[in-house]
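**Q** Have a look at this one.
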Amino acid sequence: MAYSPHDFVESNSIGGDKNAAFTVSDEEKASPSATEPVYDGDQYLGQAPTEEELNTLRKVAGPVSGSGYWLCTVEFAERASYYGCTWVFQNFIQYPLPPGGNGAGASAPGSEKPAGALGQGLQVSSALTLLFKFLAYCIPVFGGWLADTRLGRYKTICIGVVICGVSHIIMVVGAIPSILQAGHGMAPFIVSLLILAFGAGIFKPNISPTVMEQVTFKHPYIKTLKSGERVVVDPETTIQRLTLTFYALINVGAFFGLATSYAAKRVGYWLAFLLPGIIYFLMPIILALVYKKTIKTPPQGNILGDTLRVIKLAIQQNGFRKFGSVAYFDSVKPSELARKGIASYKGKPISWNDGFVDDVRRTLVACQIFLFYPLYWLNNGGIGSITNSQAGSMTTKGAPNDLVSNFNPLTIIIASPILNYGLYPLLRKHRIEFGPIKRITVGFVLAALSCVVGALLQWRVYETSPCGYHATECDIGNGVSPLSVWAQIPMYVLQALSELFAVVSGYELSFSRSPKSMRALVVAIFLFMSAVSSAISQAVVPALADPHLIWPFVGTAVPGVLLAGVFYWMYRDLDKETFLREDSDSQREILSEKEKN
Numbered sequence: 001m002a003y004s005p006h007d008f009v010e011s012n013s014i015g016g017d018k019n020a021a022f023t024v025s026d027e028e029k030a031s032p033s034a035t036e037p038v039y040d041g042d043q044y045l046g047q048a049p050t051e052e053e054l055n056t057l058r059k060v061a062g063p064v065s066g067s068g069y070w071l072c073t074v075e076f077a078e079r080a081s082y083y084g085c086t087w088v089f090q091n092f093i094q095y096p097l098p099p100g101g102n103g104a105g106a107s108a109p110g111s112e113k114p115a116g117a118l119g120q121g122l123q124v125s126s127a128l129t130l131l132f133k134f135l136a137y138c139i140p141v142f143g144g145w146l147a148d149t150r151l152g153r154y155k156t157i158c159i160g161v162v163i164c165g166v167s168h169i170i171m172v173v174g175a176i177p178s179i180l181q182a183g184h185g186m187a188p189f190i191v192s193l194l195i196l197a198f199g200a201g202i203f204k205p206n207i208s209p210t211v212m213e214q215v216t217f218k219h220p221y222i223k224t225l226k227s228g229e230r231v232v233v234d235p236e237t238t239i240q241r242l243t244l245t246f247y248a249l250i251n252v253g254a255f256f257g258l259a260t261s262y263a264a265k266r267v268g269y270w271l272a273f274l275l276p277g278i279i280y281f282l283m284p285i286i287l288a289l290v291y292k293k294t295i296k297t298p299p300q301g302n303i304l305g306d307t308l309r310v311i312k313l314a315i316q317q318n319g320f321r322k323f324g325s326v327a328y329f330d331s332v333k334p335s336e337l338a339r340k341g342i343a344s345y346k347g348k349p350i351s352w353n354d355g356f357v358d359d360v361r362r363t364l365v366a367c368q369i370f371l372f373y374p375l376y377w378l379n380n381g382g383i384g385s386i387t388n389s390q391a392g393s394m395t396t397k398g399a400p401n402d403l404v405s406n407f408n409p410l411t412i413i414i415a416s417p418i419l420n421y422g423l424y425p426l427l428r429k430h431r432i433e434f435g436p437i438k439r440i441t442v443g444f445v446l447a448a449l450s451c452v453v454g455a456l457l458q459w460r461v462y463e464t465s466p467c468g469y470h471a472t473e474c475d476i477g478n479g480v481s482p483l484s485v486w487a488q489i490p491m492y493v494l495q496a497l498s499e500l501f502a503v504v505s506g507y508e509l510s511f512s513r514s515p516k517s518m519r520a521l522v523v524a525i526f527l528f529m530s531a532v533s534s535a536i537s538q539a540v541v542p543a544l545a546d547p548h549l550i551w552p553f554v555g556t557a558v559p560g561v562l563l564a565g566v567f568y569w570m571y572r573d574l575d576k577e578t579f580l581r582e583d584s585d586s587q588r589e590i591l592s593e594k595e596k597n
C-alpha cells in the first residue's frame, strides 16, 4: 500500500493529532521498510522501494548539496597546486641547468635537452620523488586520526591548507635564478618538499569524506520522472557519481602540470612553482565562503580504541582462521558474549553493541581489499622516474619531456563524464551489475597493460638510440632515440582509465564501508597503500639503470595481471552486498555514553 507524505504526522509523543493517520518516529525515519516513507531529516523524499522494485527499476543519482561541489573545487585547487609542482620535480632534480639556457632552468631555444636545475641524476631524482610520495601518502594516517578523534575534518583541512601555503612560498623563493646559479637550490627545495608532503598528508584524507557527507539521504526511495518512468533514487549511485566528479576535478587540477611543464621549459622554475601557488590561494577563499553551508562531522572520540578491542577479542576467541568472516565477528557481539556469560572486557563493561561489530567487520574487509593496491600503484606509473626518464630519451621536437604525462589527467577529464552519464547509466538501464569489485578488477588489468606498453617502448628506445642500451645519459648525436615521445600516449591513457575504475572505487569503498567516526582514517589507510608502493620503489631505485630499464615494467605487469584474477576470485561476492549503510546505532550509543562520562 502506498502513502503520500500528507498521511504522516511526526510526533515525539504517543498521542497526537486525532486527524493523523498515524505517527512516524525518528527510528522509523532512520530505517524505513519497504513502501514506507524515506526522510532526509524532516524532509519527505519518497516511498522506500520493495525488494522487487530494487531489482527491476532503474537506479539514478539523487541530490547533492551545493557545498559538495564547492568542496570539489577546493580539491581541484589543491591538486592543481600539488601536481603543478610535482609534475616538474623530476626534471628539476635530475637534470642540470641546460647549456645555453637562461639560468632559471629553461632550455635553450630549439634544444632537445630537457629543463633542469639541480643536476642530481636519475637515482637521486627517483629517491627524492619517492620519498616525497611516501611521506605525502603516509602522513594521512596521522591526518585521518587527528580529524576523527581530536579536531574534526573541516578544521584539519584548514590546518593542512596553511601548512601547504608555507611550502609554496619557500619553493618559489628557492627557485629564484640567482639561487639556482649559485648552486644553493637544493636546501630550500628539500625543506619545501617536506613541508608540502606534511600539509598534503593532513589535508588529503579529510577532503573526500567531507565531500561525500554532503549526500545527506542514506536510503533509496522511489521517484517518478517527468517521462512517467518510476526509478529508484539510490544513495550508492549518488556517491558513485559524486566520487567520479571529485576525481575528475582532481585531474582537471593535475592537468595544470601542462602549464608548469611549459613554464619550466620556456621561462624557468620560478614561474613553474609560482603558478601553482597562485591557484592554491583560492582554497582559503572557497573554504570561508562555504563554511556555514557545509555539513561538518565533529571529532567523535577514540572509536579506534573500541575497534581495536573488538578485533583483539575476536582473535582471542577464534585465532586467525577465517579472519574477517561474518561468523568470525559474530562471536564477539555482546548478544553472543552475554549468552556465554561474558559481560565485561578487562574488568570494564563492554562498550559496544552488535551493530558496531558489523561495522568493524565491514571496515576490515575494505582494508583487506586495499592490500592489493601497492602492486596496482607500481603498475600505474611505473617504478620511480622511469617513465619520465624514458621520455627524456625520446625525440620531443622542443616539447617538454614531461608534457606527454598530462595525457593521464586529460583522459580522466574526458572519460569521467562518459562513464558518469553514458556507460554507467546504460549498464543500470539494462540491469547489468558493474559493482566496485568488478570495476577494481578492470582497473588492475588496465594498469598492468600500461606497463606492457612501457616495456615495449623502452625496448624500442634501446633498439633505436644512438647509444643503444645505454640511452639514458646518451651524448652521441642529438642524444635521443628517433622514436617520438608521443608514443607514450597509450601508456598514459591506460593508466588514466585504470584510475577511473580502481582508484575511484577505492574512494567509494573507504567511505561507504567505514563507520562515520572513522572515515578519514580509513581513507588514509587507502592512501597509505601508495606510500607502501613508494617504499617498494625506493628499495629498487639502485637497479634503475641502463641496460635493465625494460625489466621494471615487466616485473610489475605480469604479477599485476595474476593478482587481478586472484582479487576477483576472493572478493567477487561483495558486489552483492549493500555498500552504503547508515551508521549503526552502536556508534551513537557508544559516543553518547562516553559524552556522559
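For what it's worth, our numbering labels the leading residue of the sequence shown as 1, then goes sequentially.
For each residue, glycine too, the CB sits at the ideal point set by N, CA and C.
Under 7 Å between the Cβ atoms of valine 64 and valine 215?
**A** In this structure, valine 64 sits near valine 215, with a CB-CB distance shorter than 7 Å.
**Q** Would you decide whether threonine 363 is buried or exposed? Buried here means 16 or more other CB atoms lie within 10 Å of its CB.
**A** Around the Cβ of threonine 363, a 10 Å sphere holds 16 or more other Cβ atoms; the residue is buried.
**Q** Determine which residues share a DSSP beta bridge with leucine 118 and list them.
**A** Pro96
**Q** Mind checking phenylalanine 22: buried by the 16 CB within 10 Å criterion, or exposed?
**A** Since pLDDT at phenylalanine 22 reaches only 37, below the 50 mark, its modelled position is unreliable, and no value is offered.
**Q** Taking only the alpha-carbon atoms, compute the straight-line gap between proline 400 and tyrosine 568 and give it to the nearest angstrom.
**A** 39 Å
**Q** What did DSSP end up calling threonine 396 once you bin it into helix, strand or coil?
**A** coil
**Q** For histidine 430, is the classification buried or exposed, using 16 other Cβ atoms within 10 angstroms of its Cβ as the cut-off for buried?
**A** Exposed, by the Cβ-count rule.
**Q** I'd like the span of the beta strand (DSSP E) that includes isoleucine 432, first residue to last.
**A** Run containing isoleucine 432: none; DSSP gives neither H nor E here.
**Q** Roughly how far, in whole angstroms, is the beta-carbon of leucine 122 from the beta-carbon of leucine 544, given that I think they are within contact range, below 8 Å?
**A** 6 Å
**Q** Could you pull the DSSP bridge partners for isoleucine 222 from this structure?
**A** Val232
**Q** Out of curiosity, what's the CA-to-CA distance linking proline 547 and proline 298?
**A** 54 Å
**Q** Which partner residues of tyrosine 44 appear in the DSSP bridge assignment?
**A** DSSP, once it has assigned bridges, lists Tyr39 as partnering tyrosine 44.
**Q** Using DSSP's beta-bridge definition, name the partner residues of serine 514.
**A** Its beta-bridge partners do not exist; DSSP assigns none.
**Q** In the region 439–520, which residue ranges form an unbroken beta strand (DSSP E) of at least 3 residues, counting only runs that do not cross its ends?
**A** The region 439–520 is shown to contain whole beta strand (DSSP E) runs of 3 or more residues at 481–484, in chain order.
**Q** Checking the sheet assignment: what are the DSSP bridge partners for lysine 59?
**A** Val232
**Q** Once DSSP output is grouped into helix, strand and coil, what is the label at tyrosine 291?
**A** coil
**Q** Taking 7 Å as the limit between beta carbons, can you name the residues of its chain near glycine 156, skipping five residues before and five after?
**A** Reading off the sequence shown, one finds threonine at residue 156, where the question assumed glycine. Correct list, in chain order: Gly143, Leu146, Ala147, Ile202 and Asn206.
**Q** Going along the chain, which residues of its own chain have a beta-carbon closer than 7 Å to the beta-carbon of asparagine 251, five neighbours each way excluded?
**A** Counting only Cβ-Cβ distances below 7 Å, and skipping sequence neighbours, we find Pro409, Ile412 and Ile413.
**Q** Indicate the three-state DSSP secondary structure (helix, strand or coil) for lysine 348 in the structure shown.
**A** strand
**Q** Could you tell me the alpha carbon to alpha carbon distance between valine 233 and leucine 427, rounded to whole angstroms?
**A** 16 Å
**Q** Quick one: grab the DSSP three-state call for glutamine 300.
**A** coil
**Q** Please go through the same chain and pick out, in chain order, the residues whose beta-carbon is closer than 6 Å to the beta-carbon of proline 374, but skip the five residues on each side of it.
**A** Met529, Val532 and Ser533
**Q** Can you grab the Cα-Cα spacing for the pair proline 425 / valine 60, in whole Å?
**A** 8 Å
**Q** Please classify tyrosine 421 as buried or exposed, where buried requires at least 16 neighbouring CB atoms within 10 angstroms.
**A** exposed
**Q** Between glycine 435 and the rest of its own chain, which residues show a CB-CB distance below 7 Å, the 5 nearest in sequence each way excluded?
**A** Asp575
**Q** Output needed for tryptophan 486: all residues of its chain with C-beta closer than 8 Å, excluding positions within five of it in sequence on either side, in chain order.
**A** Val404
**Q** Nearest by alpha-carbon distance to leucine 509: which of Leu500, Val523, Leu497 and Ser517 is it?
**A** If we check each option's Cα against that of leucine 509, Val523 comes out closest.
**Q** Report buried or exposed for isoleucine 139, applying the criterion of at least 16 other Cβ atoms within 10 angstroms of its Cβ.
**A** Around the beta carbon of isoleucine 139, a 10 Å sphere encloses 16 or more other beta carbons of the protein chains shown; the residue is thus reported as buried.
**Q** Kindly indicate which residue of Tyr492, Ser126, Ala127 and Val558 has the alpha-carbon position closest to the one of asparagine 406.
**A** Tyr492
**Q** Quick check: serine 67 and lysine 296, are their CB atoms within less than 7 Å of each other?
**A** No.
**Q** Would you report the Cα separation of proline 177 and serine 81, rounded to the nearest angstrom?
**A** Taking the straight line joining both Cα atoms gives about 21 Å.
**Q** Could you check if lysine 346 is buried or exposed, using at least 16 other CB atoms within 10 Å of its CB as the buried criterion?
**A** exposed
**Q** Is it true that the CB of phenylalanine 217 sits closer than 7 Å to the CB of proline 235?
**A** yes
**Q** Compare the Cα-Cα distances from valine 452 to each of Asn478, Val558 and Ile170 and report the closest residue.
**A** Val558
**Q** Determine the direct distance from the alpha carbon of histidine 219 to that of aspartate 42, and round the result to whole angstroms.
**A** For aspartate 42 and histidine 219, the distance between alpha carbons rounds to 14 Å.
**Q** Hey, out of Pro490, Arg309, Gly62 and Glu433, whose CA is closest to lysine 223's CA?
**A** Gly62
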